[in-house]
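Residue numbering for the sequence shown follows numbering that gives the first Met the number 0, beginning at 0 and increasing consecutively.
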Amino acid sequence: MGAFPQGFEVSPVTPPRGRPLLTVDVEDWFDANYRSLRPPVDPPSTVERNTHRILDLLAARGHRATFFVLGRVAERFPRLVERIAREGHEVGCHGFEHELVRGQGPEGFAESLRRGRDAIAGACGRPPIGFRAPSASIVRETLWAFDRIAEAGYRYDSSLAPVSSYLFGIPGTPGSPFNLRTPAGARLLEVPLPSLTLLGMRLPRGGGFSMRLLPGLLETWFLRREQRRGGFAMIYLHPRELDPEAPRYRLDLSPLESFVQHAGLRRHRRKLLALLDRFSWTSIEEAFAAALGAAAAPAA
């Protein structure tokens with residue numbers, strides 16, 4: 000089977016030239032979906048103060064970004080979401096709770112999309128047009144999710160990656176943005192997570208564990224190379240990764256998954272600060288304004 004089953008239609012979108020895209024998954028330090036996770040009991044929240052830290056850094060540098068906010072966070076901290084929108088950033092949706100798509104099922108996922116959308120709209124006065132699944136967890140078994148995303152009023156998704164992982168990824172999908180039409184006629188712009196090709200394999204980069212593992216100068220090189228080529232340049236980050244106290248907050252995980260979750264946090268904050276200084280960043284909505292108009296066109 001190809002990347003998408005029969006009936007799905009894919010058409011390329013010209014990547015935006017100029018400023019690379021900065022995206023933030025607004026979730027707490029304990030929001031994770033590892034198999035070995037033993038959730039903490041009544042954990043303290045750090046998401047509000049850490050997201051304000053990011054906003055302060057962006058304001059000082061004149062950057063714009065897309066913040067994919069959990070609906071639960073929007074309900075608890077509406078003034079945070081209002082600040083994100085007021086300062087010119089895009090507010091997207093990250094679902095309501097940080098649950099894998101396949102664990103919710105079609106109806107539960109549709110409810111999460113609705114609750115997340117309504118919580119964000121209630122906080123900032125505008126419903127989100129973009130969605131990123133928790134842990135980017137749209138996989139081959141959950142392609143039905145695209146119809147639910149479109150039905151809920153979203154115009155683009157940013158949950159796919161052409162890589163293989165038990166949490167995310169569909170190998171063989173495009174590594175650059177594309178328009179997607181489902182067999183049911185739903186249309187969305189897909190803005191995939193960044194990746195790299197090494198020895199013929201597509202691997203994740205540009206955020207999370209892969210970005211914490213790779214040297215900062217290498218990530219800078221990737222971004223500048225894509226800009227020179229007129230290609231697709233984007234990173235994603237999480238509020239906890241800019242927290243000076245991040246190493247204090249550790250999840251109870253297996254040794255391997257604990258390494259994936261916690262490795263590189265002390266160095267990563269400096270790496271992210273350097274990237275904020277080296278590039279001028281923008282949001283998905285601003286960069287893809289023209290393509291989003293086409294993606295939102297009604298099905299024929």
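Beta carbons: idealized from backbone N, C-alpha and C, even for Gly.
Given the structure is predicted, the values throughout are model-derived calculations rather than measurements.
Chain-order list of residues whose beta-carbon lies under 6 Å from that of residue i (same chain, five-residue window excluded)
i, result
"residue 67", "24, 91, 93 and 131"
"residue 6", "182"
"residue 65", "22, 89, 91, 282 and 283"
"residue 84", "90 and 123"
First and last residue of the uninterrupted beta strand (DSSP E) at residue i
i, result
"residue 190", "Premise fails: residue 190 is in no beta strand (DSSP E) and is neither H nor E."
"residue 91", "89-92"
"residue 128", "Neither: residue 128 is in no beta strand (DSSP E) and is coded neither H nor E."
"residue 80", "Counting along the chain, residue 80 falls outside any beta strand (DSSP E), though it belongs to the alpha helix (DSSP H) covering 77-85."
"residue 265", "Unbroken run through residue 265 is the alpha helix (DSSP H), 264-277; no beta strand (DSSP E)."
"residue 219", "First-last for residue 219: 215-228, but that is the alpha helix (DSSP H), not the beta strand (DSSP E)."
CB contact flag (residue i, residue j, <9 Å)
i, j, result
"residue 268", "residue 240", "yes"
"residue 22", "residue 210", "no"
"residue 142", "residue 275", "no"
"residue 122", "residue 158", "no"
"residue 173", "residue 235", "no"
"residue 286", "residue 18", "yes"
"residue 191", "residue 144", "no"
"residue 133", "residue 89", "no"
"residue 37", "residue 251", "yes"
"residue 152", "residue 116", "yes"
"residue 265", "residue 245", "yes"
"residue 125", "residue 87", "no"
"residue 137", "residue 112", "no"
Burial state of residue i, where buried means 16 or more other Cβ atoms lie within 10 Å
i, result
"residue 200", "exposed"
"residue 227", "exposed"
"residue 16", "exposed"
"residue 108", "buried"
"residue 279", "exposed"
"residue 229", "exposed"
"residue 79", "buried"
"residue 140", "exposed"
"residue 296", "Reliability of the predicted coordinates at residue 296 is poor, the pLDDT of 42 falling under 50, and the value obtained from them is presented with this limitation in mind. It counts as exposed."
"residue 262", "exposed"
"residue 8", "exposed"
Those residues which DSSP pairs with residue i across a bridge
i, result
"residue 178", "10 and 188"
"residue 37", "251"
"residue 155", "129 and 188"
"residue 234", "21"
"residue 196", "201"
Neighbourhood of residue i by C-beta, 7 Å cutoff - its chain only, sequence neighbours within 5 removed
i, result
"residue 71", "95 and 96"
"residue 0", "Residue confidence is low: residue 0 scores 44 on pLDDT, short of 50, so the model does not pin down where it sits. No coordinate-derived value is stated."
"residue 289", "none"
"residue 225", "231 and 232"
"residue 12", "176, 177, 178, 188 and 290"
Cutoff 8 Å; reference residue i; Cβ partners in own chain excluding five residues on either side
i, result
"residue 298", "Residue placement at residue 298 cannot be trusted, given a pLDDT of 36 that sits under 50; what the coordinates show is reported in the next sentence. Closer than 8 Å at the Cβ level, and outside the excluded window around residue 298, lie 180, 184, 185 and 186."
"residue 155", "128, 129, 130, 187, 188, 189, 190, 283, 287, 291 and 294"
"residue 120", "126 and 127"
N- and C-terminal bounds of the alpha helix (DSSP H) containing residue i
i, result
"residue 23", "Segment 20-25 is the beta strand (DSSP E) holding residue 23; no alpha helix (DSSP H) there."
"residue 212", "207-212"
"residue 108", "100-123"
"residue 46", "46-60"
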